[in-house]
Amino acid sequence: MNAESLAGLDDATVEMLAAASVERLLPDAASPYLLIAEHAGNLVPAPWHDLGLAVPYLGTHFAVDLGIDALTRRLSRTLWAPAVVAHYSRLFLDYNRPAGEWDFMRPDLGGFPVPANLAVDAADARLRKRIAWAPVEQAITEIAAGRQALVSIHSFTPVMGGVWRDVDIGVLWREPSPFVTSVLKTLGARGAEAGLRIGDNAPYDWRQAVGYTLNRHGLEQNRPCLYLEVRNDLLSDPETFELISQTLETSFATVAMSLWPKSAVAV
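Heads up, the final residue of the sequence shown is numbered 1420 in our numbering, and it's a clean run with no missing numbers.
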């Protein structure tokens, strides 16, 4: 968008777009967990005209974590846990990146340019933060209060750079905690029973990667936290989606019963 187009957006329109950016599931549920899905959506606010991309590009893993909207809703329902689900594409603004990171408003999709992100001026950036960043920040801050642990849910591609990843579900952590230890042990056992390969800081190592969401709302608040990464092709098949959902449900219910029995939900 150019400066003239941005100037035409009145406050009412901006507030309407901001209200559409995030969804709060079961915000008052008594679960020890808050589930977060920063990359669940692939929408772009209408004034930005799909960022100049053909619509199919917004269905790629560059734009959205495939399968995570459905998985987060399923886990929220079965664990009776609150969840914050972002609706706008990570190409419009990636909440899980600090504002100074190159892919906060990513300029390309694996080398293919994102026209509206090639030269984002200050006014455009401020509007995007008001519409897509501030509402998510507020939702997480409010619902995280009193929670014992945060779980940010993502998906990854089975092949990256021509290399096959030998992980089905990854548990990513930066600082050790009884919560992380319990999840790795419990999910590792349940995953093995289900024939699923569980990665310990794989396919990404959070200790060597950027993760704004849980740095800000987890570690800085002394709140245990981890990122879950699920192979996206497994989520596209109903049978493996069900297998993964049940494995995660029973694992996190078991962990909650062990660490915080008064607020746990049996699955």
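Built from N, CA and C at the ideal position, the CB exists for glycine as well.
Looking at the structure shown, is residue i part of a helix, part of a strand, or coil, going by DSSP?
| i | result |
| --- | --- |
| residue 1313 | strand |
| residue 1327 | coil |
| residue 1411 | helix |
| residue 1185 | coil |
| residue 1179 | coil |
| residue 1237 | strand |
| residue 1192 | coil |
| residue 1217 | coil |
| residue 1382 | strand |
| residue 1302 | strand |
| residue 1404 | helix |
| residue 1332 | helix |
| residue 1245 | coil |
| residue 1265 | strand |
The alpha helix (DSSP H) that contains residue i, what's its start and end?
| i | result |
| --- | --- |
| residue 1365 | 1365-1370 |
| residue 1168 | 1164-1172 |
| residue 1221 | 1221-1232 |
| residue 1388 | 1385-1388 |
| residue 1277 | 1275-1281 |
For residue i, does the count of other Cβ atoms within 10 angstroms reach 16, so buried, or fall short, so exposed?
| i | result |
| --- | --- |
| residue 1329 | exposed |
| residue 1375 | exposed |
| residue 1377 | buried |
| residue 1169 | exposed |
| residue 1258 | buried |
| residue 1265 | exposed |
| residue 1286 | buried |
| residue 1292 | buried |
| residue 1274 | exposed |
| residue 1242 | buried |
| residue 1389 | exposed |
| residue 1383 | buried |
| residue 1345 | exposed |
| residue 1307 | buried |
| residue 1381 | buried |
Given this structure, state the Cα-to-Cα distance separating residue i from residue j, to the nearest angstrom.
| i | j | result |
| --- | --- | --- |
| residue 1326 | residue 1359 | 6 Å |
| residue 1312 | residue 1318 | 6 Å |
| residue 1342 | residue 1333 | 14 Å |
| residue 1239 | residue 1411 | 30 Å |
| residue 1354 | residue 1161 | 45 Å |
| residue 1335 | residue 1416 | 16 Å |
| residue 1392 | residue 1398 | 10 Å |
| residue 1167 | residue 1210 | 25 Å |
| residue 1316 | residue 1310 | 10 Å |
| residue 1305 | residue 1158 | 35 Å |
| residue 1247 | residue 1179 | 24 Å |
| residue 1190 | residue 1235 | 11 Å |
| residue 1371 | residue 1301 | 10 Å |
| residue 1183 | residue 1233 | 8 Å |
| residue 1188 | residue 1229 | 7 Å |
| residue 1366 | residue 1201 | 25 Å |
| residue 1349 | residue 1298 | 33 Å |
| residue 1212 | residue 1331 | 37 Å |
| residue 1279 | residue 1217 | 22 Å |
Could you tell me the boundaries of the beta strand (DSSP E) in which residue i lies?
| i | result |
| --- | --- |
| residue 1296 | Premise fails: residue 1296 lies in the alpha helix (DSSP H), 1287-1297, not in any beta strand (DSSP E). |
| residue 1351 | 1351-1353 |
Are the C-beta of residue i and some C-beta of chain C separated by less than 7 Å?
| i | result |
| --- | --- |
| residue 1222 | Absent from the structure: chain C. Only one protein chain is present. |
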